[in-house]
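Asks: Numbers 0 to 392, taken from numbering that gives the first Met the number 0, label the letters of the sequence shown in order. Built from N, CA and C at the ideal position, the CB exists for glycine as well. Here the structure is a predicted model, which means the values were calculated and not measured. Pasting a structure below so you can have a look.
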Amino acid sequence: MDRYLHKPDWVVEKAGSPQGVRVINDYSFPMGAAVNDFTDRCNFPDVSYNPPKDIARRIWELRIRFPGHPLLMMIGDVSGAFRHIPINADHVHMFAFHFDGFIVIDLSCGFGWCGSPAFYSVARSLINALYESQRPPANLTPIDSSQFVGNVWCDDHTCIEIATGPRCMQADIALRKAMTTVLGPRALNEDKFTQWSTKTKALGLLWFTENGTVSVPTQKIDKARCRIDYLLTAATCSLSSISKLVGSLRYVSTCFPAARSFYQNVQVFASTFHSLHERRRVPADVREDLVWFRAVLTVEHQFNSIPVEHFARLQTTTYYVMMDASDTGICALERQLRQYIRLQFSQDVRDGFATSMKDNSINVRELMSAVLAVTQVQHGPQKVGIVPMSACG
């Protein structure tokens, strides 16, 4: 039995089930001599997912093509996705663990092995290709008899179709047929197959096809706020706590593009940890970004009812605002409206630049001019409405 590599097991809480647990084999233990360390990743299949903006794009396109027709969404899920992908017989000895005094050899891709998502992606891509190759009968769905369009994230398949004739029912059948054709009859996770609806939760976001909007659940915003508060008050943090925060802030940065630059600093800090049990002090620059994130989360209503065209950045820019800054003031120019704004700094403000260059650098002042332009155009005395606008330096 010396040729078998034994690994510890972990049990973690399973999302969506208060009493459910998920068994994870620790393929990263021991450090430097684990299965993940010895895995050659050069030959991994390429992995590509449909991000949330693809769902938004699909909703937007159908609303444009079929105005007034109801749109419905459905989520399909593969049961135990990785468990359907077998391990090569020559390497299966690397996937063994102890359980109640027995040595158990895992014959399929395990949850926690670095290669599982990549090799499952082959089956996932095939399922989606089979699904998209099918279409409903033209005589039954005359409004739209085109081929189905799939959006996939790992083992979650999001279907979005117009409610015409049996098109939605045919899409449901087509997805189930594709899953069972590739992975067998046990692949269907009936508990996670949703009904067709105008309101659906997909990829952690709430989608409303009736009015074409997307929202971040309040529970996720509250969770992100609590995790930020914990890191700001704690003397040190672990890889687990910073990784959970990164996952929470991902939703914020998805719905609020300006937050992405601050999100990157937190992500870089998370990548500096070398082990699960290591603890580190939160750097000052990361703390400053977290304070900014917390301020953004106080206006949680801004993350509700975001139009899908804004979410996916499909709208063309209506106004281009030219802005600049100097030691004497800031300015903004809107050529189409033939308007400009100029704000001169007082002498006290200019004197303060020399003593606090870090907080009042030219970059900060340029951002001030962009904020000035946005607030004046959107909320000034001659308000032009909520429109797409780009600030150009």
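Grab the span of the alpha helix (DSSP H) containing K219 for me, first residue to last.
Replies: Taken as a continuous stretch (DSSP letters only), the alpha helix (DSSP H) holding K219 covers 217 to 232.
Asks: With distances taken Cα to Cα, identify the nearest neighbour of I54 among V265, C330, F310, N362.
Replies: Among V265, C330, F310, N362, the Cα nearest to that of I54 belongs to F310.
Asks: Does DSSP put G384 in a helix, in a strand, or in coil?
Replies: Low confidence applies here, because G384 scores a pLDDT of 42, under 50, leaving its location unreliable and the question unanswered by this model.
Asks: Between F419 and K198, how many whole angstroms is the CB-CB distance? I'm expecting something under 8 Å.
Replies: With the chain represented from 0 up to 392, any question about residue 419 goes unanswered, as that position is not in the structure.
Asks: Could you work out which residue in L244, V320, I142, C113 is closest to L371 when comparing CA atoms only?
Replies: Out of L244, V320, I142, C113, V320 has the C-alpha closest to the C-alpha of L371.
Asks: Rounding to the nearest angstrom, what Cα-Cα distance links A137 and R166 in this structure?
Replies: If I take the Cα positions, the gap works out to 10 Å.
Asks: If you draw a straight line from the alpha carbon of G183 to that of A117, how long is it in whole angstroms?
Replies: Those two C-alpha atoms are separated by around 20 Å.
Asks: Where R364 and L106 are concerned, what is the direct C-alpha to C-alpha distance, given to the nearest angstrom?
Replies: Their backbone Cα atoms lie some 60 Å apart in a straight line.
Asks: So, at 7 Å on beta carbons, what are the nonlocal neighbours of G384 in its own chain, with the 5 sequence-adjacent residues on each side left out?
Replies: With a pLDDT of only 42 at G384, under 50, the local geometry of the prediction cannot be trusted, and no value is derived from it.
Asks: Could you name each continuous beta strand (DSSP E) segment of 3 residues or more that falls completely within the segment 150 to 208, going from the start of the chain to the end?
Replies: You should have 155 to 161, 198 to 201, 204 to 207.
Asks: Specify the secondary structure class of V373 as computed by DSSP and reduced to three states.
Replies: In this structure, V373 counts as helix in the three-state DSSP scheme.
Asks: Within a Cβ cutoff of 7 Å, which residues of the same chain sit near F268, ignoring the five residues on either side of it in sequence?
Replies: For F268, where only same-chain residues beyond five positions count, the Cβ hits under 7 Å are I241, P282, V285.
Asks: For the alpha helix (DSSP H) containing I104, list its first residue and its last residue.
Replies: Where I104 is concerned, there is no enclosing alpha helix (DSSP H), although the beta strand (DSSP E) it sits in stretches over 101 to 104.
Asks: Roughly how far, in whole angstroms, is the beta-carbon of A186 from the beta-carbon of F147, given that I think they are within contact range, below 8 Å?
Replies: Between F147 and A186 the Cβ distance is about 18 Å, and since that is not below 8 Å, they are no contact.
Asks: Rounding to the nearest angstrom, what Cα-Cα distance links F37 and C236 in this structure?
Replies: Straight-line Cα distance between these residues: approximately 29 Å.
Asks: Hey, L71 and S214: beta-carbon distance below 9 Å or not?
Replies: Taking 9 Å as the Cβ cut-off, L71 and S214 do not qualify as a contacting pair.
Asks: For R64, report the span of its beta strand (DSSP E) as first-last.
Replies: Premise fails: R64 lies in the alpha helix (DSSP H), 51 to 64, not in any beta strand (DSSP E).
Asks: My guess is that L289 and I227 are in contact by the Cβ rule of under 8 Å, so how many angstroms apart are they, rounded?
Replies: The pair is a contact, with the Cβ atoms about 5 Å apart (cut-off 8 Å).
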